[in-house]
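Below is one structure, written out as structure tokens; the observations come after it.
There are 2 protein chains.
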Amino acid sequence: MTVEKKNAFYAQSGGVTAVINATACGLIETARRHGDRLGKVFAGRNGIIGALTEDLIDTSLESDAAIAALRHTPAGAFGSCRYKLKDVARQHAEYERLLEVFRAHDIGYFFYNGGGDSQDTTHKVAEFAQAAGYPLTCIGIPKTVDNDLAMTDSCPGFGSVAKYVAVSIREAGYDVASMAKTSTKVFVLEVMGRHAGWIAAAGGLAARGPGDAPQLILFPEIPLDEAAFLDRVRATVDAQGWCAVVVSEGLHNAAGGFVAEAGTRDAFGHAQLGGVAPVIAGLVKDKLGYKVHWAVADYLQRAARHIASRTDVEQAYALGRAAVEMALAGESGVMVTIVRLADAPYRWEIGRAPLAAVANLERKLPRDFITPDGYGITESCRRYLAPLIVGEDPPPYVDGLPDYVRLRNVGVPRRLAASFAVKG
Amino acid sequence: MTVEKKNAFYAQSGGVTAVINATACGLIETARRHGDRLGKVFAGRNGIIGALTEDLIDTSLESDAAIAALRHTPAGAFGSCRYKLKDVARQHAEYERLLEVFRAHDIGYFFYNGGGDSQDTTHKVAEFAQAAGYPLTCIGIPKTVDNDLAMTDSCPGFGSVAKYVAVSIREAGYDVASMAKTSTKVFVLEVMGRHAGWIAAAGGLAARGPGDAPQLILFPEIPLDEAAFLDRVRATVDAQGWCAVVVSEGLHNAAGGFVAEAGTRDAFGHAQLGGVAPVIAGLVKDKLGYKVHWAVADYLQRAARHIASRTDVEQAYALGRAAVEMALAGESGVMVTIVRLADAPYRWEIGRAPLAAVANLERKLPRDFITPDGYGITESCRRYLAPLIVGEDPPPYVDGLPDYVRLRNVGVPRRLAASFAVKG
Chain A
-16 MTVEKKNAFY
-6 AQSGGVTAVI
4 NATACGLIET
14 ARRHGDRLGK
24 VFAGRNGIIG
34 ALTEDLIDTS
44 LESDAAIAAL
54 RHTPAGAFGS
64 CRYKLKDVAR
74 QHAEYERLLE
84 VFRAHDIGYF
94 FYNGGGDSQD
104 TTHKVAEFAQ
114 AAGYPLTCIG
124 IPKTVDNDLA
134 MTDSCPGFGS
144 VAKYVAVSIR
154 EAGYDVASMA
164 KTSTKVFVLE
174 VMGRHAGWIA
184 AAGGLAARGP
194 GDAPQLILFP
204 EIPLDEAAFL
214 DRVRATVDAQ
224 GWCAVVVSEG
234 LHNAAGGFVA
244 EAGTRDAFGH
254 AQLGGVAPVI
264 AGLVKDKLGY
274 KVHWAVADYL
284 QRAARHIASR
294 TDVEQAYALG
304 RAAVEMALAG
314 ESGVMVTIVR
324 LADAPYRWEI
334 GRAPLAAVAN
344 LERKLPRDFI
354 TPDGYGITES
364 CRRYLAPLIV
374 GEDPPPYVDG
384 LPDYVRLRNV
394 GVPRRLAASF
404 AVKG
Chain B
-16 MTVEKKNAFY
-6 AQSGGVTAVI
4 NATACGLIET
14 ARRHGDRLGK
24 VFAGRNGIIG
34 ALTEDLIDTS
44 LESDAAIAAL
54 RHTPAGAFGS
64 CRYKLKDVAR
74 QHAEYERLLE
84 VFRAHDIGYF
94 FYNGGGDSQD
104 TTHKVAEFAQ
114 AAGYPLTCIG
124 IPKTVDNDLA
134 MTDSCPGFGS
144 VAKYVAVSIR
154 EAGYDVASMA
164 KTSTKVFVLE
174 VMGRHAGWIA
184 AAGGLAARGP
194 GDAPQLILFP
204 EIPLDEAAFL
214 DRVRATVDAQ
224 GWCAVVVSEG
234 LHNAAGGFVA
244 EAGTRDAFGH
254 AQLGGVAPVI
264 AGLVKDKLGY
274 KVHWAVADYL
284 QRAARHIASR
294 TDVEQAYALG
304 RAAVEMALAG
314 ESGVMVTIVR
324 LADAPYRWEI
334 GRAPLAAVAN
344 LERKLPRDFI
354 TPDGYGITES
364 CRRYLAPLIV
374 GEDPPPYVDG
384 LPDYVRLRNV
394 GVPRRLAASF
404 AVKG
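These protein sequence lines map, in sequence, to chains A and B.
For the first sequence, our numbering begins at -16 and goes up steadily by one.
For the second sequence, our numbering begins at -16 and goes up steadily by one.
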């Protein structure tokens, strides 16, 4: 009796992370181990756009060594995209097209690796395929540095950003402490997290004792009170000579607008591209007169595979592996999740959540994770965050630089006559 | 016969680095091994200011483990300062005071760890002591991320910044390449180096093959030609879909001013603190319409001990050790240096240069290290830079964070009645 072997489609979606390729590694390596039951893994070039345009990458043409190297390579090896499938009613043609491409390439598995929007898409694709009578096993795999996905204890990508931010503010704190006598007294580090303060909170992990950086955190959840903030900066400098601040890019002012979008223009009248750190730094300098330095980590924080959290890498890999295993076990319409069993010592296992449940929820930073004064993290926050940054998993280095892989990314020959225009 | 054991004074000066404490480690550990001939090492609290104000730290009260941990701890463990001793004629009182403090604490060795200004100070102190008939062995030890010191092949601190910048732009390049199809097409990373492009050039090490980041480098030595730069950005995006740019904070415009000081103001009219990356990003967005992201590494780059170059750490340590050994061998009035014996395989040894020669020279980035078009580095530049970032030397980690030491820094009891006011 021959077992029917369907191919699998895998795509990376949304902003990339230091460990999304570790998930791809876990998924493809596991698929290869189950070659008796699963055909090839085709990756979407530039995410779901690759499926819509029939631009598929044949991962079977990559060596085992290249696939293994994905585990230590940041960003999206097949290309990612910011592209959201809307409701079936409004974008019926796109859903039809997906099934047409899947049918043409004998694809029976749909693995979608992304954030909340992507889980929503996975859910809609699953429902559409079912309604159309097309047999498609659909598994969502979480990914987001923002840690805002519901139903999973944490999101792959977040732990590594958290570690980067905590390490960076600790190091900068040592620097400023050294120089404060005659030079810079205040340092401001801007971090990601436009809608929730998970990443800003992670900066707080660096402060393990009194006087450690960061002494102040500015969360997107707490509108900036300029006078109160400046009082705290002054008090900190008075007490210990210097002050390190972590500020979220999503910080709001009292009027509810983003502080970073305060309408900055350069001397030529060009709009200045965002950046809340320079605004906060300018405020401190203007009002308190201290010498201030600031940094904006931007993509460095989410691409920093060199300082990735081993916990994060292991979870990212395990979720990719579990997605294939669940699919082969006949599960569908679920997102694989991280389930926390204990804080300390930290124990976790893989779980699953119905896509329908994931798609409509957003995980906010609980108010009781922020100290009552609004400038720090609580013990319960620390208990939650601490295990996520534990462990190092350095990439191999060649001549002083991380040896990241670049795949061949050979396209699968097209089988459809019609092309498909993706709406931008 | 009893050997007269003089104490030593050691101070850190100017901007700190990821490895200046490795130099302190090498110096203090070597001094401890020669306890039969050398007394205690007293460190200046906040650099030379500690000597002037008789605020000395007794390093003999630190455990061997704490001193060993300096090797993997960034920034200045005893505090540094930006304070320059002027000519003897103009600040005679300060030189007198130094000798008074040294005499009171039986100090016969002066080790000064800093950049060009500090070597100048060491030279002046040596001459003053000699003229005053005070026996003082004076050794300068190089330190600067800027790599602009003469007479040494490279400066401790630079190799680690170079590695940080090259690793960071490589990682960000992977990120942007993943996302370029539908999102960010241009990324701009601002790095240090106000007067010379050594650090910007180091970013170029990340580009080992065609299409690697960074595709463009903006050096302080080459005034920005907006139109030509924008043409290059557009051509790069046309050819490969994305473009990563490293820009030096010291970039000038055609009129000779700093691009970062283009008079930026926020909506409230506050002066915006520098930052050339947002200016360049705004230019690209305004003129070419691409989605752009930018990062400013600031202190993160010079404090990033977690990704320090092992070559740099070893040289920093070796220079501290050599300073003590030369002093005990009777040398004085010299700066210890790195002498390059071969590029590949890289070989180096410790040398020395007369302080008088170091003090009046600045090491510029040679024009032939920059490609004729002004946007990249040449093979000779690569040959010089490549060995400096080789090797990793990760610090120990505890619960996911580098375990940097904080010294006790116990003060030496004062022996002088008079206090001394340092001019700001």
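Quick reminder that beta carbons are idealized off the backbone N, C-alpha and C, glycines included.
- Item | Bridge partner(s) assigned by DSSP for residue 102 of chain A | Its beta-bridge partners do not exist; DSSP assigns none.
- Query: Nearest to residue 124 of chain A by CA position, among A:272, A:393, A:-3 and A:357, is which residue?
  - Reply: If we check each option's Cα against that of residue 124 of chain A, A:-3 comes out closest.
- Message: Please classify residue 1 of chain A as buried or exposed, where buried requires at least 16 other C-beta atoms within 10 Å of its C-beta.
- Response: With a threshold of 16 other beta carbon atoms within 10 Å, residue 1 of chain A meets it and is buried.
- Query: By Cβ distance, which residues of its chain are closer than 8 Å to residue 294 of chain A, with the 5 residues on each side in sequence left out?
  - Reply: Contacts found: 142, 329, 370, 371, 372, 373 and 374.
- Task: Throw me the rounded Cβ distance for the residue 229 of chain A and residue 172 of chain A pair, which I believe falls under 8 Å.
- Result: The beta-carbon separation of residue 229 of chain A and residue 172 of chain A, rounded to 5 Å, stays under the 8 Å limit for a contact.
- What are the uninterrupted segments assigned as beta strand (DSSP E) that are 3 or more residues long and contained completely in the stretch 78 to 140 of chain B, given in chain order? DSSP runs (the beta strand (DSSP E)) wholly in the stretch 78 to 140 of chain B: 90 to 97 and 120 to 125.
- Message: Please classify residue 326 of chain B as buried or exposed, where buried requires at least 16 neighbouring CB atoms within 10 angstroms.
- Response: Exposed, by the Cβ-count rule.
- Message: Considering only the alpha carbon of each residue, which of B:148, B:-12, B:236 and B:192 lies closest to residue 19 of chain B?
- Response: Residue B:-12 is the option with its Cα nearest to residue 19 of chain B.
- Message: Give me, in chain order, the residues of the same chain whose beta-carbon lies closer than 7 Å to that of residue 196 of chain A; leave out the 5 immediate sequence neighbours on both sides.
- Response: Correct list, in chain order: 152, 153, 155, 156, 189, 190 and 227.
- Inter-residue CB distance, residue 42 of chain B and residue 26 of chain B (contact presumed, cutoff 8 Å): The C-beta separation of residue 42 of chain B from residue 26 of chain B comes to about 5 Å, placing the pair in contact by the 8 Å criterion.
- Query: Which residue from A:168, A:22 and A:324 puts its Cα closest to that of residue 89 of chain A?
  - Reply: Minimum Cα distance to residue 89 of chain A is reached at A:22.
- Message: Suppose the cutoff is 7 Å on Cβ atoms and the five residues either side in sequence are ignored; what does the same chain contact list for residue 334 of chain B look like?
- Response: Within the same chain, residue 334 of chain B has close Cβ partners 320 and 322.
- For chain A, find out if any of its Cβ atoms is closer than 8 Å to the Cβ of residue 276 of chain B; answer yes or no. Yes, its Cβ sits closer than 8 Å to a Cβ of chain A.
- Report the neighbours of residue 170 of chain B on chain A: residues whose CB is nearer than 9 Å to its CB, in chain order. Here the neighbours are 281 and 282.
- Simplified DSSP assignment, three categories, for residue 224 of chain A: In this structure, residue 224 of chain A counts as coil in the three-state DSSP scheme.
- Message: Excluding the 5 residues flanking residue 345 of chain B on each side, which residues of the same chain have their C-beta closer than 6 Å to its C-beta?
- Response: Answer for residue 345 of chain B: 131, listed in chain order.
- Item | Local Cβ density within 10 Å of residue 251 of chain B, reported as buried at 16 or more and exposed below that | Low local confidence applies: a pLDDT of 48 at residue 251 of chain B is under 50, so the model's placement there is unreliable, with the coordinate-based value given in what follows. By the neighbour-count rule (16 or more Cβ atoms within 10 Å), residue 251 of chain B is not buried but exposed.
- Members of the stretch 143 to 162 of chain B near chain A, C-beta cut-off 8 Å: Residues of the stretch 143 to 162 of chain B whose Cβ lies closer than 8 Å to any Cβ of chain A, in chain order: 146, 149, 150, 151, 153, 154, 155, 157, 158, 159, 160, 161 and 162.
- Any residues in the stretch 54 to 80 of chain A with a beta carbon nearer than 9 Å to a beta carbon of chain B? Which ones, in chain order? Answer in chain order: 56, 57, 58, 59, 60, 61, 62, 63, 64, 65 and 66.
- Are any of the Cβ atoms in chain A nearer than 8 Å to that of residue 199 of chain B? Not one chain A Cβ lies under 8 Å of residue 199 of chain B.
- Verify whether the separation of the beta carbon atoms of residue 94 of chain B and residue 122 of chain B is less than 8 Å. The answer is yes: Cβ separation under 8 Å.
- Message: What would DSSP say about residue -8 of chain B, mapped onto helix, strand or coil?
- Response: Shown here, residue -8 of chain B sits in a strand according to DSSP, grouped into three states.
- Item | residue 341 of chain A versus residue 348 of chain B - alpha carbon distance | Spanning the alpha carbons of residue 341 of chain A and residue 348 of chain B requires a straight line of approximately 55 Å.
- Minimum C-alpha distance to residue 86 of chain B - residue among B:115, B:237, B:69 and B:52: Out of B:115, B:237, B:69 and B:52, the CA that lies nearest to the CA of residue 86 of chain B is found in B:115.
- Identify the contact partners of residue 288 of chain B in chain A, using a Cβ-Cβ distance below 9 Å as the criterion. The contact set of residue 288 of chain B on chain A, defined by CB atoms closer than 9 Å, consists of 154 and 157 in chain order.
- As assigned by DSSP and simplified to three states, the class of residue 273 of chain A: Residue 273 of chain A falls in the coil class under three-state DSSP.
- Task: Give the C-beta separation of residue 34 of chain B and residue 315 of chain B to the nearest angstrom, bearing in mind that I take them to be a contact with Cβ-Cβ under 8 Å.
- Result: 17 Å between Cβ atoms; not a contact.
- Item | For residue 352 of chain B and residue 255 of chain A, the rounded distance between their alpha carbons | With a pLDDT of 47 at residue 255 of chain A, under the threshold of 50, the modelled position of this residue cannot be trusted, and the question is left open.
- Item | Of the residues B:386, B:264, B:192 and B:311, the one placed nearest residue 14 of chain B, counting alpha carbons only | That would be B:311, whose Cα lies nearest to the Cα of residue 14 of chain B.
- Give the C-beta separation of residue 57 of chain A and residue 4 of chain A to the nearest angstrom, bearing in mind that I take them to be a contact with Cβ-Cβ under 8 Å. 7 Å between Cβ atoms; contact.
- Where residue 387 of chain B meets chain A, residues with beta-carbon distance less than 9 Å: Those are 153, 154 and 157, listed as they occur along chain A.
- DSSP puts residue 25 of chain A in a beta bridge; with which residues? Looking at the DSSP output, residue 25 of chain A shares a beta bridge with A:-8 and A:41.
- Message: Residues in the same chain with beta-carbon distance under 6 Å from residue 278 of chain A, minus the five sequence neighbours each way, listed in chain order, please.
- Response: Excluding the 5 residues flanking it on each side, residue 278 of chain A has same chain C-beta neighbours closer than 6 Å at 172, in chain order.
- Query: Roughly how many whole angstroms lie between the Cα atoms of residue 198 of chain B and residue 359 of chain B?
  - Reply: If you draw a straight line from the Cα of residue 198 of chain B to the Cα of residue 359 of chain B, it comes to about 8 Å.
- Would you say residue 225 of chain B and residue 150 of chain B are within 8 Å of each other, going by their C-beta atoms? 8 Å or more divides the Cβ of residue 225 of chain B from the Cβ of residue 150 of chain B.
- Buried versus exposed call for residue 72 of chain B [16 or more other C-beta atoms within 10 Å across all chains shown]: Classification of residue 72 of chain B: exposed, given that the 10 Å Cβ count is below 16.
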